[in-house]
Every structure is written in C-alpha cells, then in structure tokens.
Amino acid sequence: MLSRTVGAAVALLLAAAAPAHAAKIERVSRPGKTSYYAFVDRAEWARAKPSTSARKVAKLTLRTPEATDDLVMVLDRTETRGREWLRVRLPVRPNGTTGWVPASVLGELQPVKTWLKISTKTFKATLVKDGKVVFRAPIGVGQSQWPTPRGQFYIRAKLKGYGSAGSFYGPLAFITSATSNQLTDWPGGGLVGVHGTSQPGLIPGKISHGCVRMRNADILKLEKLMKVGTPLTVT
Amino acid sequence: MRRALLMTTMALVGVLVTATPASAHRNPANCDANQLDVDLIRDKNLVKNGDVINYSVDVDNLGTRACDVSGITVVMRVPRPDGLPFGPSTIVVGNQSYAAQDPLRSFGPFPYTVNANPGVSRLEAQVIVERGVLHDNNVHSEVNIHKTIGSIIPVPGIEVDKTADIKAGLAPQNVTYTFRVYNRTAPPVTLDNVTLTDNLCPNVVGPVAGDTNPTDNRLQPDEVWEYRCTMPHGVGLFNNTATACAELILNGGPMPKVCDTDDETVQFTPPVPQAGVRPAQAQQQRCTLSTPSGLRVRAGERTTIRVQTREVDAGSRVTITLPGGRTVSARTNSKGLATLRVTAPRSGTARIKVAECSAVERLTVRQARRTVSRQVPRVTG
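Chains as they are written, first to last, in my numbering: chain C, 433 to 667; chain A, 91 to 471.
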C-alpha cells in the first residue's frame, strides 16, 4: 500500500515524524523537499477522521471553477481496517480546511519538489526547490481591508492565454486553494490568485484585493519553475 | 464413383466351355460364340447386420454371334456368415433353353437378411449356370458360368487427438486443450451424432473449426473437427482423458456406437521459484503476464505499474516503452513482480515486454490532466 502512494521517500519520513503512540499516521509531504498532490478521480466526501462514518467536511470536486481537473495536496496517510486513507488539504472555506479521503478516490500521488512562500510583511515571493531558493521577486499583496489570507495552501490551476479581457491580471495567473476571508461574493467565489499585473509601478506593497501580484516578467519566470500542485505558504 | 466401382465389383469367375459329344448342329447357322449373359444384381451396396439385401438375376442371350443354349439351370447362392458365397441356394432357372437373340428376362427379388460374423466386412453372393449346352458346332459345348457380387459392411471409426498448449511449468496455469476428431470409417462414410467429452475439463467448446456444414452435425470423411477447452491447473500431475463418440446411420438405422479416447498429461510445480530461480526441471512453455495494475496512465503524470509475470526467472528485466520511445525497466522479484514508475511524456500506446516474451501487454496513455485554462481569471485581483 505504501508503494501506491509515495514509495521509499515517505518511509524515510515516517520514522522522524511519527511518534510511537501515533505511528499509524504518516506524514507524506515536506514542502521544499518533496510534497505530493493528487488529482481527484471520484467526487467523494472528505471526512474529519479516516472513517466512512466520520463527520463530513467537504466534498471533493472533479473540476475547479476554472474548468481544470481538480487536485488536492496530500498531507498524511494512514490505514484503517486495511483501507488506505489520505489527509488532504481542501480548496474550500474556511482556509486551512483538511479532511480524510480514501486513497482510492484520488489518482496516484504526484511528487513536487517546489514550495512557494509569500511574505505579506516583506512583500517577497520566494520559490524553494529541493531546499534551495531558486526564485525571488517583489510582490503586491492585499490591502488592509482585504488582506491576503495567511496559512498553508497550494497551487490549484494555471490560467493563461485569456487575452486582453484579462490584461489586468497580466499574462498569467495561478489559482491557489486560498479564498478571501472578506470577498466571499467575488465572482468565482473569491479565489486568491498569484498573477501578473497591468500596474507594475504599484509593486511592492499592499495594493490588491487579496491576490498576490507580480511583475509580468516575474510571473512568466515563475511559470517555468513552478508547476501546479506546488505547496504555498503565506505568512 | 470410386466407391461405386469398389462396391459393384463383379468378378467373372469362369466361363468354362468344354467339348461334349456330338448330337446336334450349329444354330443359328452363322453363330460361333457363347453370348449367354447372366447378371446378379443387388439393391444395397453398404449394409449392416439385420439389413435385407434384395438380389435379382437377369438372363439374356443377345449378341450378333450368339448361339442357342439349351438345358441350363441357374442357381443363386447368398452369403454365408463368414462372407463367402456358399450360403443357401435358390434355383432361379431350371433346365430351360435360351435361343439366340432371346431378350432379357429378370428373376427375383430374392431377399437375404444380413447376418455376418463379427469382423466380416465383405459379403459375396454368387450366381451359377450349370449343365447348359451351347449349340455352336456339330459337337456341342457345355456351358458353365460363375459370377459373384459383393456388398460391404462398413467399419465405423473415429479418432480423437488431444493436446495441451502448456504441458509443464509453474502453477497456476490456465491450460487450453485442443481436441481434433477424425473420421476413420472404412470405407469412407459420413459419421453422425458426434460427441466429445473430457473427464477433467468440463466446458468443451466446438467444433470451433473444421466443420464445413455446421448445421448437420455430420462428420464427413475428409473433415477434421477441432474442439477446445480451457481450465486452470494448480500444482500437481494431471492426466485427463478425452472421449469422442459417433454413430454411423446406415439404411435408416444406426450401427453400434464407436468411441475413441486420448490422454494428455500436464504437470505443474509450485509457483515460487526457490532462491528466485525457476526449477530446472520445469519445462517452460511460455512467458505469461497478468494484467498490470496502475493502467490509468496519463501523459505527464507519474504512474506506478506493477507487472506480474509467470514462468520467468526472478531478476528478469521488464521494460515499458512509452509513447515517444523512452523506455523504463525494472527487474522481477522472487514472486515475479516488477514495479515500474513511469511518467509518460505524451499520450499514445505503451508496450510492456518481459525479457523472454514478445510484446505481452499494451496500455493506452491518455491525455494529460487539464491544469491550464484560458478562462479570464476571477480571482480577487
């Protein structure tokens, strides 16, 4: 069963992460080293505990609001009664929601070695790969009334080629699993993005409705270094 | 035609013309030959015990050179149980004369119920002309004629030949048995009501080939019917027997059913090779590959494929060739399992091969997941 998920790399993590009395829950992802995400194959309920009778947390979706194949970040794994369960980070409100899903409802775990870190204090975006910083750029973040939510998230989809109608967002936008805590009625549900801009002169600073803005050259450079499924930490 | 020739063999045993004392003259004046013709005819060619053969006798004295014949007696003898023409006799014509150019006269039918000894395949009847006088000269000749005619008792025959596609190896195995059924009847005659059974393999299917007219269930002499049956075998020695049977329907009734059997033995050894090496005594017939797991392969997505092989050495190389030509290899463990982690660069067909096998499995790499959209962002901005 272990090999279905992550293989030997996970096994090495277990010894360090799992205390003896809770050895059944194994940590899967380690941002900046190797993290894992998985595409959703079946729209099942995520539950508060690894049990089919546990409280429902949220239902997985096969497609994102932007019509891409939906995915979740995999945090932990365990086995109960011979069935493998995975704790995943869910792209739902409130931010930071996680839930347990049977491993069978997800596709095979996909490794990702990058980790995007956003600092709302220093207005810096940093991409770490294999433990090393490979990208750094100044950014704009949410204004005080619409702050960029802090916490652990992941990159959920990528939008590009949308033309002049979206030129405000620059040439490319990443969709994250984060949602604005203030703009709940925003079209699309108030998703937080990481994107380019038509107003690069405002960067760095608190300039947005909650999204992370970069200069267009930076977002295009980031695209080459970071793929969908990358964990995102906002501090 | 050939059968007709065989069955209608008529042998003129002898026409004996010997000198007799002179007491008459040649008649007609210009005649010079014995052209008395006696034919024995039967209404059935192929028979079995209990059938009735109706014999008849035709007599004429036609021919441009025919001489008168007088005082002839024609006797017919039916077959004896041993098949020879020495059974009970019947006087067909008694002390009669046949003048030259006398037309054909038929006598009979003379029924005979077949009652042959076991093993007798040919029955002969005979007609004999005795004590006739041929008016062919001043010194007349004596006329004696013997003719025989045969009927055939066919010997129905069937043959089954059974083979297994795997005769030995590592258990478990799905073995497909092939049965070939031949018509060995002599002379060649069609067989009816063919059946085929096997004492171990319960679901014999067929004929799957060789039956030129599948609707009549009749095995022609030149046909070879093929049946098949597949069954799983575990560890052990398995000797199973196929039995093919058929009937020969002749003159409205069946002859005794004939059957033939053929054995086939297969042997399979425990499935886990000791020390990762297959047993030396195992006769490896083929390399098999069970359906690999992890077949939901998508381009650009890392996928683990487990390939379960059988009848290959531990450590054998399993190779998957991805669309575009890139290959990924892994070796089988002591249980024949090889694990490959692949990321197909694009969609298409991937092929999995095991070192000792030809292409054994194919899988389709589907299109990559959609992670990029051209929709205008609706993020908070």
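Beta carbons: idealized from backbone N, C-alpha and C, even for Gly.
The structure presented is a predicted model; accordingly, all values stated were derived computationally and were not measured.
Q. Between the segment 621-651 of chain C and chain A, which residues of the former have CB atoms less than 7 Å from a CB of the latter, in chain order?
A. Contacts with chain A (Cβ-Cβ distance below 7 Å) from the segment 621-651 of chain C involve Gly622, Leu623, Val624, Gly625, His627, Ser640, His641, Gly642 and Cys643, listed in chain order.
Q. When the cut-off is 8 Å and only beta carbons count, does C:Phe600 lie next to chain A?
A. yes
Q. Quick one: what's C:Trp547 bridged to in DSSP?
A. C:Val560
Q: Express the C-alpha separation of A:Ala190 and A:Ile242 in angstroms, rounding to a whole number.
A: 36 Å
(Q) Can you tell me whether C:Gly633 is helix, strand or coil according to DSSP? (A) Secondary structure of C:Gly633 (DSSP, three-state): helix.
Q: Measuring only between beta-carbons, confirm whether A:Val469 sits less than 8 Å from chain C.
A: yes
Q.
Does A:Ala258 come out as helix, strand or coil in the three-state DSSP assignment?
A. strand
Q. Does A:Ser424 get closer than 8 Å to chain C when you measure Cβ to Cβ?
A. Under the Cβ distance rule, A:Ser424 does not count among the residues neighbouring chain C, no pair being separated by less than 8 Å.
Q | Which of helix, strand or coil DSSP assigns to C:Phe471 | A | strand
Q) What are the residues that DSSP puts in a beta bridge with C:Lys592? A) C:Leu604
Q. Along chain A, in chain order, which residues have C-beta atoms closer than 7 Å to that of C:Ala557?
A. Correct list: empty, because the minimum Cβ distance to chain A is about 15 Å.
Q: May I ask you to report which of helix, strand or coil DSSP gives C:Leu652?
A: helix
Q: May I have a chain-ordered list of the beta strand (DSSP E) segments no shorter than 3 residues that lie completely inside the segment 461-531 of chain C?
A: 467-471, 477-479, 488-491, 503-512 and 515-521
Q) Using a C-beta cutoff of 8 Å, does C:Gly583 count as contacting chain A? A) no
Q) Are the Cβ atoms of C:Arg521 and C:Met505 separated by less than 8 Å? A) yes
Q.
For A:Cys319, list the residues DSSP reports as bridge partners.
A. A:Tyr267
Q: Starting from the beta carbon of C:Tyr469, find every residue of chain A whose beta carbon is closer than 7 Å, and list them in chain order.
A: Result: empty, since nearest Cβ-Cβ is about 10 Å, beyond 7 Å.
Q) Could you give the distance in angstroms between the alpha-carbon of A:Asn120 and the alpha-carbon of A:Leu152? A) 14 Å
Q. Quick one: which chain A residues come within Cβ less than 8 Å of C:Gln577?
A. What C:Gln577 touches in chain A: nothing, since even the nearest Cβ is about 12 Å away.
Q. Is C:Ala597 helix, strand or coil by DSSP?
A. helix
Q | Proximity to C:Lys481 [Cα-Cα], best of C:Thr466, C:Pro534 and C:Met646 | A | C:Pro534
Q: With a threshold of 16 other CB atoms inside 10 Å of the CB of C:Ile571, please say whether the residue is buried or exposed.
A: buried
**Q.** Where C:Trp660 meets chain A, residues with beta-carbon distance less than 7 Å
**A.** Per the sequence shown, the amino acid found at residue 660 of chain C is Val instead of Trp. What C:Val660 touches in chain A: Thr461.
(Q) Considering only their Cβ atoms, is the gap separating C:Ser599 from C:Gly642 smaller than 8 Å? (A) no
**Q.** C-beta contact flag for C:Thr529 and C:Ala490 at 8 Å
**A.** Result yes, Cβ atoms of C:Thr529 and C:Ala490 sit closer than 8 Å.
Q) Residues of chain A with CB under 9 Å from C:Pro543, in chain order? A) Arg392
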